[in-house]
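The sequence shown begins at 1 in the numbering used here and counts up by one. Glycine residues also receive a C-beta, built at the ideal position from the N, C-alpha and C atoms. What you are looking at is a predicted structure, and each value in this text was computed from that prediction instead of being measured.
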Amino acid sequence: MSAAATRPGFVETAVDAVTSSRWSLYGLAATRIALGLTVAVQLIINAPDRGYTWGAGARWGLPLRDTGVWADWPMWVADAGPVLFTTVYLATIVAALLMAVGLFTRWTTIATLVLWMSLFVAAPLIETGGDAILRMTLAYLVLSDCGARFSLDARREAAGRRRPLRERIPGWWIALWNNVAVVLIAHQIVMVYVGSSLWKLESDRWVDGTAVYYPLSTEQFSPWLDQLGWLYGWAPFVLGATWSSLVVQFVFPLLLLNRSTRLVAFVVLTGMHLGIGFLMGIMYFSMVMIAADAVLVSDDSWRRAARAVRTRRWRRGQVSDRPDAVVTPERL
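In C-alpha cells form, the structure reads like this:
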C-alpha cells in the first residue's frame, strides 16, 4: 500500500484535531475568572440600588421589554417580593464568585448564566453591548472545560478529592465540546470586531481620523474631560486612537492566522479596551471584551509567558542574594 493511500485525509485530520485535545484551557480559565469577577463586582457596587435597577422598581421599563427579543422570558425576579429578590441577588453574586474560583465550575457557570439572565431581562433600559457579549460567552463556557486550569476543581482533582471528569465522560467528547465552545467564542469576537470596523468605514469621521474626539469631548461619555481635555484635543492622539482602532478591528481575522500576530492582537485590543474603559467610564464593557479575547491566546503562549515571569523572578532573586548587590551606606 502506498504512502498516499495510508495518509489520513482532511476529514480524519480535522476530526482528530477537534477530538484529541482540548484547546485554550488557560484562555478559557482566564475568561471564566474575569467574567465571574465582572458580574460579582457589578452587582456588589449596585447593591444599594438593586430594587430600582433590577427588582420591582424596574417594572416601569416593561413596555420596552415587551417589545424586545426577551419578551417571553419569565419576569419572576421583578415579580418576587423584596426578601426573595434579595436572596436571588445574593445567590447570583455567590454563583459568580464560585465560578471565578472554579468550584463546581460547570454548575456554578450554569447558575450564573440563568440568574444573571433573570436580572438582565428585568432591566432592558440599562442593557449595553457588554451584556450581550457576556451572556453569549457564559452560554459557551457551559460547553467548555473552563475549570481545568486555575480552579479549585483542578486542585481537588490533583489531590484526589474529586473524580476526574475524563473518568466519567469519554475524553473525546469533553475535547469536542470544549473546542466547539472555543470556536463559538472566537466567531463571536470576530463578528463583533469586523462588524464594528465595517460600520465605522461608513462614517466620514472615522475615515478622516477624528471620530474619537467627539465622544471624549462630551460630558456624558467622558468622566475625565476637565482633567484630560488637553489630550482629547491633541491631533496626534485623536488620529492615532481613531485609526488604530479601525485598522486593528478590520484586519483582526487575519491576525488570528499566526500565533505571534494573534498575541499582538490580544495585547493591542486589551490596551484599546482599557483605554476605552478608563477614558469613557465603561470599564464593565471593556472587561467583558478582554475576558472574551483571552480565549484567543493559545496554551503555549500562556505557558511561555508564565516561564518568562518565573525566569525573571529567579534572576531577581539571584541578584538580590549576591553580597555585592547589597546597597550599604558606604556605597551611597
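Let's see if you can read the secondary structure: which residues bound the alpha helix (DSSP H) around residue i?
i: I189; result: G171 to L201
i: I93; result: P82 to V101
i: F120; result: T105 to F120
i: W206; result: D204 to V207
i: A17; result: F10 to T19
i: E157; result: L152 to A158
i: L125; result: Unbroken run through L125: none, as it is neither H nor E.
i: W230; result: L225 to Y232
i: P215; result: Y213 to L216
Do residue j and residue i come within 8 Å of each other at the CB atom, strictly closer than that value?
i: R50; j: A175; result: no
i: T242; j: A211; result: yes
i: T109; j: L138; result: yes
i: A292; j: I126; result: no
i: A40; j: A122; result: no
i: S333; j: L28; result: The displayed coordinates of the chain run from 1 to 332. Any statement about residue 333 would go beyond what the structure contains.
i: D299; j: Y26; result: yes
i: Y140; j: L184; result: yes
i: L246; j: K200; result: yes
i: V101; j: L152; result: yes
i: T19; j: W172; result: yes
i: V83; j: R106; result: no
i: R135; j: L165; result: no
i: G277; j: M283; result: yes
i: E219; j: L228; result: no
Measuring CA to CA, which of the options is closest to residue i?
i: S118; options: A80, G129, A305 and V192; result: A80
i: M287; options: V114, V15 and L35; result: L35
i: A148; options: H273, E12, T31 and G317; result: T31
i: G130; options: I189, T87, S301 and D300; result: I189
i: R163; options: V309, F104, F10 and V180; result: F104
i: L263; options: T13, W230, V297 and L43; result: V297
i: S222; options: F237, L115, M280 and D16; result: M280
i: V301; options: T261, F237 and P63; result: In the sequence as displayed, the identity of residue 301 is Ser instead of Val. For S301, the nearest C-alpha among the options comes from T261.
i: A154; options: M99, E202 and D208; result: M99
i: H187; options: L216, F252 and Q220; result: F252
i: S217; options: D208, M191 and W234; result: W234
i: D208; options: P215, E12 and L239; result: L239
i: F85; options: L62, T13 and A47; result: A47
i: G61; options: F120, S203, A294 and E167; result: F120
i: I290; options: L37, F10 and F150; result: L37
i: Y193; options: G277, V248 and G271; result: V248
i: M191; options: F250, W206 and D226; result: F250
i: W177; options: E157, R156, C146 and S203; result: C146
i: Y232; options: G271, P63 and P215; result: P215
i: P63; options: P124, G9, L225 and V15; result: P124
Buried or exposed: where does residue i fall if 16 or more other Cβ atoms within 10 Å of its Cβ makes it buried?
i: T311; result: exposed
i: M1; result: Low per-residue confidence applies at M1: pLDDT is 44, beneath 50, and the placement is therefore not dependable, though the value from the model is reported in the following sentence. Under this definition M1 is an exposed residue.
i: S24; result: buried
i: A58; result: buried
i: I45; result: exposed
i: V326; result: In this prediction, V326 scores a pLDDT of 45, lower than 50, which makes its location untrustworthy; the coordinate-derived value is nonetheless stated afterwards. Classification for V326: exposed.
i: N179; result: buried
i: L257; result: exposed
i: F285; result: buried
i: T13; result: exposed
i: A294; result: buried
i: Y52; result: exposed
i: W116; result: buried
i: A306; result: exposed
i: I169; result: exposed
i: L358; result: Because the chain here runs from 1 to 332, residue 358 falls outside it and cannot be looked at.
i: R331; result: With a pLDDT of 38 at R331, under the threshold of 50, the modelled position of that residue is not reliable, and the figure given next carries that caveat. When all chains shown are included, R331 counts as exposed.
i: W76; result: exposed
i: G55; result: buried
i: V309; result: exposed
i: A181; result: buried
i: A10; result: According to the sequence displayed, residue 10 carries Phe and not Ala. The residue in question, F10, is exposed, as its Cβ has fewer than 16 Cβ neighbours within 10 Å.
i: P329; result: Low local confidence applies: a pLDDT of 39 at P329 is under 50, so the model's placement there is unreliable, and no value is given.
For residue i, would you say it is in contact with chain E, using Cβ-to-Cβ distances shorter than 8 Å as the test?
i: A29; result: In the structure shown, chain E does not exist; there is a single protein chain.
Contiguous alpha helix (DSSP H) assignments of at least 4 residues, all confined to the region 234-319:
235-250, 252-255, 259-280 and 283-293
Uninterrupted alpha helix (DSSP H) stretches inside the region 24-71 (no shorter than 4 residues)
25-45, 50-53 and 62-65
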